[in-house]
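First the structure, in the form of structure tokens, and then the observations on it.
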Amino acid sequence: MRPVLFLLLLIPLAVHAADLPGIPGFIDEMVAKHRFKRDELETVFARAQHRPDVIEAISRPATIKPWVEYRAAFVNPQRVRLGLEFWHKYRKTLRRAEKQYGVPQEIIVALIGVETIYGRNAGSYRVLDALTTLAFDYPRRAVFFRSELENYLLLAREQQFDLLATRGSYAGAMGIPQFMPGSYRNYAVDFNHNGKVDLMREDRDAIGSVANYLQGYGWVRGAPVAARAQVSNEACPGAIGAGRTLAGWAVDGILPEGKYPPEMEARLLDFTVEDGKEFWLAFENFKVITLYNNSDFYAMSVLQLAEELKAARR
């Protein structure tokens, strides 16, 4: 056997997804509920690929790197430099988004930087393949991904996407801000006022949509995200992740750096850094960022990149 042929045989090939259990019933539902044409959906799913690598990717633990390594991947000179360029280029749009939605400009810029390096890394998986695989071969979250597949079909019809060409993350997130189809339909906005919502190519739409999403999930205008905490004694393990008012934390000698109302609710977090532990008190707006991506590491990366961008822009 020739070496090249042998190597090709070792590569796991994607297979057609049309025979996955559940697809015929899903097509029935889309036809009855949304008046799709059956033959068109059958053609689409006949061309969808089942991707075992998607299952493998989504099954990995969400946070496998220590905080220092995780932070370095997202809070680094490249993202600061590109973020400053992005901020300068779209400064008027960012000011407008902050005024309209109440989300600080640096948070919007940082979040887009963490997600896709300002559109440079928006994903290489066909969204149809990813969502079909997860909807019908990932039981743990099948209900969620079935809903996202439904939203993707509707979105493609509404926005005239090419179902077979649109690419995104292994979870089906799309575009400059990596919106899932349901979020795209609910929170994406035409922020450049050209009559079309386009998160794939239009940075201005991405800016407005990120701000609209965060506001929609409860962003508190003018409120802080998190504050470094002074801990008089090593916090007991049971306190990490717990929520109390700042007055309640003060009883145990845990104080935020800076002045904040004592009735503010906060969650105590710790991050292992090179010289020990770093403690933070995370407020409601920190929680809102985790609703974009459910990870304290993620939200802290967004916050710290935002802080570096703001400091560098002064």
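Here the sequence shown stands for residues -19 to 294, where the numbers follow the numbering used here. Backbone N, C-alpha and C define an ideal beta-carbon position, used for all residues, glycine too. Bear in mind that the values here come from a model prediction, so they are computed numbers and not experimental data.
Where the beta strand (DSSP E) through residue i begins and ends
i, result
"Q311", "Given a span of -19 to 294 for the chain in the structure shown, any question on residue 311 remains unanswerable."
"A262", "256 to 262"
"L114", "L114 -> not in any beta strand (DSSP E); alpha helix (DSSP H) instead, spanning 107 to 117."
Proximity below 9 Å, CB of residue i to CB of residue j
i, j, result
"L144", "V24", "yes"
"I156", "T96", "yes"
"G93", "S149", "no"
"G162", "Y105", "no"
"R31", "T113", "yes"
"A207", "E254", "no"
"L285", "R75", "no"
Boundaries (first-last residue) of the alpha helix (DSSP H) holding residue i
i, result
"L289", "276 to 293"
"D(-1)", "Counting along the chain, D(-1) falls outside any alpha helix (DSSP H), and DSSP gives it neither H nor E."
"I97", "Segment: none, I97 is in no alpha helix (DSSP H) and carries neither H nor E."
"E78", "71 to 81"
Residue i - DSSP class collapsed to helix/strand/coil
i, result
"L249", "strand"
"Q210", "strand"
"R147", "strand"
"H234", "A small correction: the amino acid at residue 234 is Ile; His does not occupy that position in the sequence shown. Three-state DSSP puts I234 in a strand."
"N224", "According to the sequence displayed, residue 224 carries Arg and not Asn. In this structure, R224 counts as strand in the three-state DSSP scheme."
"L129", "helix"
"I7", "helix"
"Q140", "coil"
"F124", "helix"
Alpha helix (DSSP H) runs contained entirely in the region 29 to 66, provided each spans 4 or more residues = The region 29 to 66 contains these whole alpha helix (DSSP H) runs: 32 to 39, 47 to 54.
Run through the region 162 to 200 for me and flag every whole alpha helix (DSSP H) of 4 or more residues, listed as ranges in chain order.
-> 183 to 196
Taking contact to mean at least 3 C-beta pairs separated by less than 8 Å, is the region 200 to 212 in contact with the region 237 to 249?
-> yes
Given 8 Å as the limit, is there contact between the region 68 to 85 and the region 100 to 109, that is, 3 or more CB pairs closer than that?
-> Flag = no, the region 68 to 85 and the region 100 to 109 do not touch.
State whether the region 114 to 124 contacts the region 180 to 199, with contact taken as three or more CB pairs (one from each stretch) at a distance under 8 Å.
-> no
Would you check if there are 3 or more beta carbon pairs closer than 8 Å linking the region 73 to 91 to the region 132 to 139?
-> no
Within the chosen definition, does the region 219 to 236 reach the region 259 to 267 through at least 3 CB pairs nearer than 8 Å?
-> The region 219 to 236 is in contact with the region 259 to 267.
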